[in-house]
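**Student:** Below is one structure. I have some questions about it.
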Amino acid sequence: MSTNVVAEHADRIQSAIESHGAAKSALVASWQRSAALHHLDPAEHKPPHRLSDMELSLARERSGALIHAAQASLDRLYLAVGGIGCCVLLADRDGVPVERRGADADDETFRDWGLWLGTVWSEESEGTNGIGTCLVERRSLTIHRDQHFHTRNTALSCTTAPIFDHEGRLAAALDVSSCRADLTEGFVNLIAMAVGDAARKIEAEHFRLAYPKARIVVAPTNNKAPCALFAIDKDDLVIGATRSARQIFGLGAEPFTRPLPAADLFGQHSDPSLDLKEAERSVLERALVRADGNVTAAARDLGVSRATLYRKLARYGIKAAR
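Start counting the sequence shown at 2; every next residue gets the next number (this note's numbering).
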């Protein structure tokens, strides 16, 4: 890259910062953070920092549950974008890619650009870039070519979406990056949709795996918010909620210190005594169904006598063959 190109890019960033454009532009605000807060130089030539093998191994271990939950979505996303010369990166909350998909033929190019496992793409380290800026701003975005802070990264186009864990905390960033100069705006928009969809699928799968014994329900709202899920235990108590669900129901960002009655949360308040009767009725109905209508077998499963079960069935108007 010529000295003139480097100087022009650095001058453009400095002019934007000095024009106080940060108040109007999220991009300029990121450039300002890169220069003023992180003391980075857009003309810096040294390559991105990379973790040692041991450090990368520890980072992957910390993100093990998320990596496991992401496998299928990463494969699908790569099938969608790999054919146009893109790679897929799953970065942890520190901006370090811990899982990757890419074509063997492109590996050397992407490795040279730092689009590889263990490279640190935090905004603090690399200035404005897809992964780092997404993690700072906690939103989906694209940093296209000369929008990057460092001149050496201006050949990249990076589209990234945040991923939140089962307790609503920022956990990772999902990124699709390309070095192609002919990547059109239309392709970038399609990539952004694919990345956002994959990120939500990863969140949902991670949430399900975090609550293996709970039933997972979609938030009952008219708002089709993505990934608004609740985990509800066998006692109909809410024990977990995704970030989207927390936002919709105003639950806050803190982990649940105690479970919440699902009926109360969803505005289905009722008489507690009626709740108890309905619970008992449901138990009796399920026992009869499991026993294929055989009262003797149902009574044995419930640990009561046939006479007791018949009395209870009569109380609730439940008919059973004698």
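Think of the CB as a built atom: it goes at the ideal place given N, C-alpha and C, for glycine as much as any other residue.
Tell me the rounded alpha-carbon separation between A106 and R181.
**Tutor:** About 14 angstroms.
**Student:** Using 8 angstroms for Cβ pairs, my map puts I18 next to A36. What's the rounded Cβ distance?
**Tutor:** Contact holds; Cβ gap of about 6 angstroms.
**Student:** Could you check whether L314 and L303 sit closer than 8 angstroms to each other, using their CB atoms as the reference points?
**Tutor:** Cβ distance not < 8 angstroms, so L303 and L314 don't count as in contact.
**Student:** Take I132 as the anchor and find which of F188, L261, V177 and F208 has the nearest alpha-carbon.
**Tutor:** For I132, the nearest C-alpha among the options comes from V177.
**Student:** With C-beta atoms as the reference, is L136 less than 8 angstroms away from L171?
**Tutor:** Closer than 8 angstroms, so yes.
**Student:** Let's see if you can read the secondary structure: which residues bound the alpha helix (DSSP H) around A308?
**Tutor:** First-last of the alpha helix (DSSP H) with A308: R307 to R316.
**Student:** Hey, quick one: how far does the beta strand (DSSP E) through C87 stretch, first residue to last?
**Tutor:** Segment C87 to D93, the beta strand (DSSP E) holding C87.
**Student:** By the 10 Å Cβ neighbour count, where 16 or more other Cβ atoms means buried, how is E204 classified, buried or exposed?
**Tutor:** Buried, since its Cβ has 16 or more Cβ neighbours within 10 Å.
**Student:** So, are the CB atoms of T152 and I144 less than 8 angstroms apart?
**Tutor:** Not a contact, by the Cβ cut-off of 8 angstroms.
**Student:** Tell me the DSSP bridge mates of L230?
**Tutor:** In the DSSP output, where bridge partners are listed per residue, L230 has V219.
**Student:** Over what stretch of residues does the alpha helix (DSSP H) that includes D76 continue unbroken?
**Tutor:** Unbroken alpha helix (DSSP H) run through D76: G65 to V82.
**Student:** Which value, in whole angstroms, describes the spacing of the CA atoms of A173 and Y212?
**Tutor:** Roughly 19 angstroms between the two C-alpha positions.
**Student:** Does A232 pass the burial test, meaning 16 or more other C-beta atoms within 10 Å, or should it be called exposed?
**Tutor:** A232 is buried by the Cβ-count criterion.
**Student:** Look up T110 in the DSSP assignment and say whether it is helix, strand or coil.
**Tutor:** Looking at T110 - three-state DSSP - the assignment turns out to be helix.
**Student:** Between the alpha carbons of E56 and V121, how many angstroms are there, rounded?
**Tutor:** Straight-line Cα distance between these residues: approximately 11 angstroms.
**Student:** I319 by DSSP, collapsed to three states: which one?
**Tutor:** Of the three classes helix, strand and coil, the one that applies to I319 here is coil, per DSSP.
**Student:** For H10, collect the residues of the same chain with a Cβ closer than 7 angstroms to its Cβ; drop the 5 residues on either side in sequence, then sort them by chain order.
**Tutor:** The answer, listed in chain order, is P43, D147, T152 and T155.
**Student:** Let's see if you can read the secondary structure: which residues bound the beta strand (DSSP E) around G169?
**Tutor:** Premise fails: G169 is in no beta strand (DSSP E) and is neither H nor E.
**Student:** Grab the span of the beta strand (DSSP E) containing R139 for me, first residue to last.
**Tutor:** Premise fails: R139 is in no beta strand (DSSP E) and is neither H nor E.
**Student:** Among all the DSSP beta bridges, which residues are the ones paired with A263?
**Tutor:** DSSP output for A263 lists no bridge partner at all.
**Student:** Would you give the residue range spanned by the beta strand (DSSP E) that G128 belongs to?
**Tutor:** Where G128 is concerned, there is no enclosing beta strand (DSSP E), given that its DSSP letter is neither H nor E.
**Student:** With a threshold of 16 other CB atoms inside 10 Å of the CB of T297, please say whether the residue is buried or exposed.
**Tutor:** Exposed, because fewer than 16 other Cβ atoms sit within 10 Å of the Cβ of T297.
**Student:** For C180, does the three-state DSSP call read helix, strand or coil?
**Tutor:** Three-state result, C180: coil.
**Student:** Return the chain-ordered ranges of every alpha helix (DSSP H) run that is complete within the stretch 33-68 and spans a minimum of 4 residues.
**Tutor:** Those alpha helix (DSSP H) runs which fall completely within the stretch 33-68 and span 4+ residues are 54-63.
**Student:** Is the CB-CB distance between W117 and L157 below 8 angstroms?
**Tutor:** Cβ distance not < 8 angstroms, so W117 and L157 don't count as in contact.
**Student:** What three-state label does DSSP hand S245 in the structure shown?
**Tutor:** S245 falls in the helix class under three-state DSSP.
**Student:** Would you please state the rounded distance, in angstroms, between the beta carbons of R94 and G169? I believe it to be under 8 angstroms.
**Tutor:** At roughly 13 angstroms, the Cβ-Cβ gap does not stay under 8 angstroms, so R94 and G169 are not in contact.
**Student:** When the Cα atoms are used, what is the spatial distance from A193 to L78?
**Tutor:** If you take the alpha carbons of A193 and L78, they lie about 11 angstroms apart.
**Student:** Alpha carbons only, please: which of F165, E127, R247 and A300 is nearest the one belonging to F150?
**Tutor:** Of F165, E127, R247 and A300, the residue nearest in Cα terms is E127.
**Student:** Got a sec: is the Cβ-Cβ distance from L277 to anything in chain D below 8 angstroms?
**Tutor:** Protein chains in the displayed structure number just one, and chain D is not present.
**Student:** With a 10 Å radius around its C-beta and 16 neighbouring C-beta atoms as the bar for buried, classify Q33 as buried or exposed.
**Tutor:** Under this definition Q33 is a buried residue.
**Student:** Can A215 and I249 be called in contact, C-beta distance under 8 angstroms?
**Tutor:** The answer is no: Cβ separation not under 8 angstroms.
**Student:** Once the 5 residues before and after I14 are set aside, which same chain residues still bring their CB inside 6 angstroms of it?
**Tutor:** Excluding positions up to five away in sequence, the list reads W32 and P43.
**Student:** So V196 is in the beta strand (DSSP E); what residue range does that whole segment cover?
**Tutor:** Segment E186 to A211 is the alpha helix (DSSP H) holding V196; no beta strand (DSSP E) there.
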